[in-house]
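Structure, as structure tokens:
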Amino acid sequence: MKPRSRPSLARRLVSGLVTLVVLAVLAVANRPMVAVAGEALHAYQINRQSYKERYGHWARLPVPRGFKVNAIHAALLHTGKVLIIAGSGNNKDAFEAKSFRTVLYDPRDDEFTDVPTPTDVFCAGHTFLPDGNLLVAGGTKSYEVLEADVEHAAGVMKFKNESPDGGPRVFPKGTRLLSATGEAYRTRSKVTVPAARKVAHNGQVMVHAGEAEVWADAEAKGDRPVVGDPAQYTIEGLTGPDARNLYGIAEKITREKQEYGGDRTSYEFDPLTERYVRTGNMRDHRWYPTLIGLTGGDVIAVSGLDQFGRILPGRNERYLPEQRRWVAAPELKRYFPTYPGLHLMADGRVFYSGSNSGYGSDTEGRTPGLWNVERNTFQPVPGLADAGMNETSSSVLLPPAQDQKVMILGGGGVGESEHSTARTGIADLDEPNPRYAPGPDLPKPARYLSTVVLPDDTVLTTGGSSGYRGGSYRGEPRSDLFNSQIYHPNRNVFETAAESTVGRNYHSEAILLPDGRVITMGGDPLYDPTGKNAGTFEKRIEIYSPPYLFRGDRPTITSGPGAVDRGGAAVFGVSEASRIVSARLLRPSAVTHVTDVDQRSVALGLRSLGNAVEVKVPEKSGLVPSGWYMLFFMNEKGVPSVARWVRVR
Numbered sequence: 001m002k003p004r005s006r007p008s009l010a011r012r013l014v015s016g017l018v019t020l021v022v023l024a025v026l027a028v029a030n031r032p033m034v035a036v037a038g039e040a041l042h043a044y045q046i047n048r049q050s051y052k053e054r055y056g057h058w059a060r061l062p063v064p065r066g067f068k069v070n071a072i073h074a075a076l077l078h079t080g081k082v083l084i085i086a087g088s089g090n091n092k093d094a095f096e097a098k099s100f101r102t103v104l105y106d107p108r109d110d111e112f113t114d115v116p117t118p119t120d121v122f123c124a125g126h127t128f129l130p131d132g133n134l135l136v137a138g139g140t141k142s143y144e145v146l147e148a149d150v151e152h153a154a155g156v157m158k159f160k161n162e163s164p165d166g167g168p169r170v171f172p173k174g175t176r177l178l179s180a181t182g183e184a185y186r187t188r189s190k191v192t193v194p195a196a197r198k199v200a201h202n203g204q205v206m207v208h209a210g211e212a213e214v215w216a217d218a219e220a221k222g223d224r225p226v227v228g229d230p231a232q233y234t235i236e237g238l239t240g241p242d243a244r245n246l247y248g249i250a251e252k253i254t255r256e257k258q259e260y261g262g263d264r265t266s267y268e269f270d271p272l273t274e275r276y277v278r279t280g281n282m283r284d285h286r287w288y289p290t291l292i293g294l295t296g297g298d299v300i301a302v303s304g305l306d307q308f309g310r311i312l313p314g315r316n317e318r319y320l321p322e323q324r325r326w327v328a329a330p331e332l333k334r335y336f337p338t339y340p341g342l343h344l345m346a347d348g349r350v351f352y353s354g355s356n357s358g359y360g361s362d363t364e365g366r367t368p369g370l371w372n373v374e375r376n377t378f379q380p381v382p383g384l385a386d387a388g389m390n391e392t393s394s395s396v397l398l399p400p401a402q403d404q405k406v407m408i409l410g411g412g413g414v415g416e417s418e419h420s421t422a423r424t425g426i427a428d429l430d431e432p433n434p435r436y437a438p439g440p441d442l443p444k445p446a447r448y449l450s451t452v453v454l455p456d457d458t459v460l461t462t463g464g465s466s467g468y469r470g471g472s473y474r475g476e477p478r479s480d481l482f483n484s485q486i487y488h489p490n491r492n493v494f495e496t497a498a499e500s501t502v503g504r505n506y507h508s509e510a511i512l513l514p515d516g517r518v519i520t521m522g523g524d525p526l527y528d529p530t531g532k533n534a535g536t537f538e539k540r541i542e543i544y545s546p547p548y549l550f551r552g553d554r555p556t557i558t559s560g561p562g563a564v565d566r567g568g569a570a571v572f573g574v575s576e577a578s579r580i581v582s583a584r585l586l587r588p589s590a591v592t593h594v595t596d597v598d599q600r601s602v603a604l605g606l607r608s609l610g611n612a613v614e615v616k617v618p619e620k621s622g623l624v625p626s627g628w629y630m631l632f633f634m635n636e637k638g639v640p641s642v643a644r645w646v647r648v649r
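Below you can see the structure in the form of structure tokens.
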């Protein structure tokens, strides 16, 4: 899948003339074949060298049958391989069969391999750690059940233990609870209820009941067991003091829709052993969380749905990489919708762009702003047009990262809204009182738009749809967008790129590869092209070669260290070093639901040394977080080298 060398002028002229003659004969001799001829003409046009130099080129990647998975998450490892995580792949049958998939793709030889996947990491969160491991945390504990399919009323049952004596009490799965009217409910899983605690307060000893939550289902079908108000339940089989001290409480038991439940499992994926390594459990179950690394190397997990499908009320937690364990972070209490778009800034603050995946309050936590994670203060960033259309939008730290500008692109209304927007907004976060300013509009309203920072300081935008999950929009049954654009931050304009051939919407990804190409995968439409039947997950993979790959010979990095220090300098051998005009460190992507907290492009100081160049790495850890990066050198024609992997310490 390497870009081909430029053909000779004579060969291009002969090829073009032959094609045009054939098309003319087809059009005259057989009019019904005009459509076929039109397709042939289109194929000819998009494969012309001049076209590719201006717009780039898309190509399908042949994927062996056994490796066609539902790409829910994807990350570029420092080995150069792409980690494609499906988990159960939004497939309830696979979940119940405990059939979880992860695949590694090696772009160097187009080989695919399977990776054992221990639990359902579908809709987990992830981010890279300083050592290059990918932290993957949370995932799916239970699948949603639509209201029409809920036959047994159910709800969260809180077991209470008012006795400080006797230690914790364990109740097995299927424990029976009875309401005051005699309705029976059974627990879905085992629950351990801690003993009550004795606490001294103003000279008096008070007892705080121990408690633990579990899901409980009514034994009887239908509406009779539905309870709409808080109520107390007795635990069957208890007698004497136990019957008084141990009981259940539920806020409500209903036949409402049951949301996805989050998992607590956490792993580090090791790129060298190519295996998931178990870490300590998260403090909370989380489904749709965002994970982001801080300047000291710790990671915080933000938002998500708990094991019962409830949005976590601003309860965030911290991962300690050296200890491989999670700890509570009550000092960082802050509410966000699920999968919030977060970006680490040079001064260590975290910018919330406003992008999110939708679960949560319609109003709370949706204001963009700068989060000071040292003091837990939040500075709103106003000015965003169509501020109510940030769900399923994309946001990206524009290149170079030193400019400290974040762009938000597209998005839709809350929930399964039929409305979407073409607006973009740009926030200059170096300003003392930053606010969003309008950017250029996208060609069409777009949700689920993938954004990829390229080594020439531009941003590719591709995929997405105007309608919810690729569905109907303004009378059309499908709304996938095949147009791609390249945004130029220095000129604040979009330029048209070659059109993709595969629709991408919900559950799709795009990632920059070390050779400068972009791999795109995934797509989970709600309906098929007719808009009448259920959609099927898109398993085809496309690779985009940007225009810079068709503009001549590429620089070659011939030597240099495998690690550099922040604030330090390093020398790299580069072919035709005198022609090198820029150097960039690009942090690899880890993306899901168009949320990518990792990707960034850092400009390096550059000095020519004859047959080599010296680069200077910025000092701020908020600008250059520790970890692995792709080092690209660019010549005066805007052609990048193939990247060299470098670890920043």
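Just so you know, UniProt numbering puts 25 at position 25 of the sequence shown, and the rest follows in order with no gaps. Virtual Cβ for every residue (Gly too), placed ideally from N, Cα, C. Keep in mind it's a predicted model, so treat the numbers as computed, not measured.
Rounded to the nearest angstrom, how far is the Cβ of G463 from that of S472, given a contact under 8 Å?
What you label residue 463 is simply residue 463 of the sequence shown in a count that begins at 1. What you label residue 472 is simply residue 472 of the sequence shown in a count that begins at 1. Rounded, the Cβ-Cβ distance is 18 Å, inconsistent with contact.
Using three-state DSSP, classify R334 as helix, strand or coil.
Position 334 of the sequence shown, counted from the first residue, corresponds to residue 334. R334: coil per DSSP, three-state reduction.
Could you please give the first and the last residue of the uninterrupted alpha helix (DSSP H) stretch that includes N245?
The sequence position of residue 245 within the sequence shown is 245, counting from 1. Here the alpha helix (DSSP H) through N245 covers G240 to N245.
If you run the structure through DSSP and keep just helix, strand and coil, what is P64?
Here the question's residue 64 lines up with position 64 in the sequence shown. Here P64 sits in coil by DSSP.
N-terminal and C-terminal residue of the alpha helix (DSSP H) that R101 is part of
The count along the sequence shown starts at 1 and reaches residue 101 at position 101. Note, R101: premise wrong, no alpha helix (DSSP H); beta strand (DSSP E) at R101 to D106.
Do you know how far the Cα of M407 is from the Cα of W645?
Position 645 of the sequence shown, counting from 1, holds the residue named residue 645. Position 407 of the sequence shown, counting from 1, holds the residue named residue 407. Approximately 27 Å between the Cα atoms of the pair.
How big is the Cα-Cα spacing for D223 and F171?
In the sequence shown, residue 223 corresponds to position 223, counting from 1. In the sequence shown, residue 171 corresponds to position 171, counting from 1. Cα to Cα, D223 sits roughly 27 Å from F171.
With H, G and I counted as helix, E and B as strand and the rest as coil, what does DSSP make of H42?
Translated into positions along the sequence shown, residue 42 becomes position 42. DSSP places H42 in helix when its eight states are reduced to three.
So is S50 buried or exposed if we call it buried at 16+ other beta carbons inside 10 Å?
Residue 50 sits at position 50 when you count from the first residue of the sequence shown. It counts as exposed.
Inter-residue spacing [alpha-carbon to alpha-carbon] between G365 and F336:
As a first step, residue 365 is located in the sequence shown; it is residue number 365 there, counting from the start. As a first step, residue 336 is located in the sequence shown; it is residue number 336 there, counting from the start. Straight-line Cα distance between these residues: approximately 5 Å.
Would you kindly report the start and end of the unbroken beta strand (DSSP E) that includes R325?
Residue 325 sits at position 325 when you count from the first residue of the sequence shown. From DSSP, the beta strand (DSSP E) with R325 extends over R325 to A328.
Could you name the residues of the same chain whose beta carbon sits closer than 7 Å to that of R169, not counting the 5 residues immediately before and after it, in chain order?
Along the sequence shown, read from residue 1 onward, the residue named residue 169 stands at position 169. Excluding sequence neighbours, R169 sits near N161, V193 and L246.
Taking 8 Å as the threshold (C-beta atoms), are G360 and Y352 in contact?
Taking the first residue of the sequence shown as position 1, residue 352 is located at position 352. Taking the first residue of the sequence shown as position 1, residue 360 is located at position 360. No, the pair does not count as a contact, with Cβ atoms beyond the cut-off.
Starting from the Cα of residue 668, find the closest Cα among P116, E538 and A510 and give me that residue.
Since the first residue shown for the chain is 1 and the last is 649, residue 668 is missing from the structure and cannot be characterised.
Limits of the unbroken alpha helix (DSSP H) element including S50:
Counting from 1 along the sequence shown, the entry for residue 50 is found at position 50. Unbroken alpha helix (DSSP H) run through S50: Q49 to Y55.
Go ahead and pull the three-state DSSP assignment for R540.
Here the question's residue 540 lines up with position 540 in the sequence shown. Here R540 sits in coil by DSSP.
With DSSP as the reference, label M162 as helix, strand or coil.
Along the sequence shown, read from residue 1 onward, the residue named residue 162 stands at position 162. Reading off the sequence shown, one finds Glu at residue 162, where the question assumed Met. Reduced to three states, the DSSP call for E162 is coil.
Put R469 into one of helix, strand or coil per three-state DSSP.
The count along the sequence shown starts at 1 and reaches residue 469 at position 469. Residue state, collapsed to three classes: helix.
Nearest by alpha-carbon distance to I249: which of V214, F269, P271 and Y267 is it?
Start at 1 with the first residue of the sequence shown, and residue 249 comes out as number 249. The candidate whose alpha carbon is nearest that of I249 is V214.
Buried versus exposed, by CB contacts within 10 Å (16 or more), H42
For the purposes of this step, residue 42 is identified with residue 42 of the sequence shown, where counting begins at 1. Its Cβ having fewer than 16 others within 10 Å, H42 is exposed.
Measuring CA to CA, which of A216, G203, K198 and E219 is closest to A209?
Counting from one through the sequence shown, the residue named residue 209 turns up at place 209. Checked all of A216, G203, K198 and E219; the closest Cα to A209 is K198.
How about G622 and L344: are their beta carbons less than 8 Å apart?
What you label residue 622 is simply residue 622 of the sequence shown in a count that begins at 1. What you label residue 344 is simply residue 344 of the sequence shown in a count that begins at 1. A contact, by the Cβ cut-off of 8 Å.
For the 8 Å Cβ check, are there 3 or more pairs between the region 602 to 614 and the region 520 to 539?
no
What first and last residue would you give for the beta strand (DSSP E) that runs through D362?
Translated into the one-based positions of the sequence shown, residue 362 becomes position 362. From DSSP, D362 is part of no beta strand (DSSP E); its letter is neither H nor E.
Beta-carbon proximity list for M157, same chain, < 6 Å, skipping 5 on both sides:
For the purposes of this step, residue 157 is taken as the residue at position 157 of the sequence shown. These residues qualify, in order along the chain: V214, A216, G248 and A250.
Find out if the Cβ-Cβ distance for the pair R286, G262 is shorter than 8 Å.
Against the sequence shown, residue 286 aligns to sequence position 286. Against the sequence shown, residue 262 aligns to sequence position 262. Yes; because the gap between Cβ atoms is below 8 Å, this pair is in contact.
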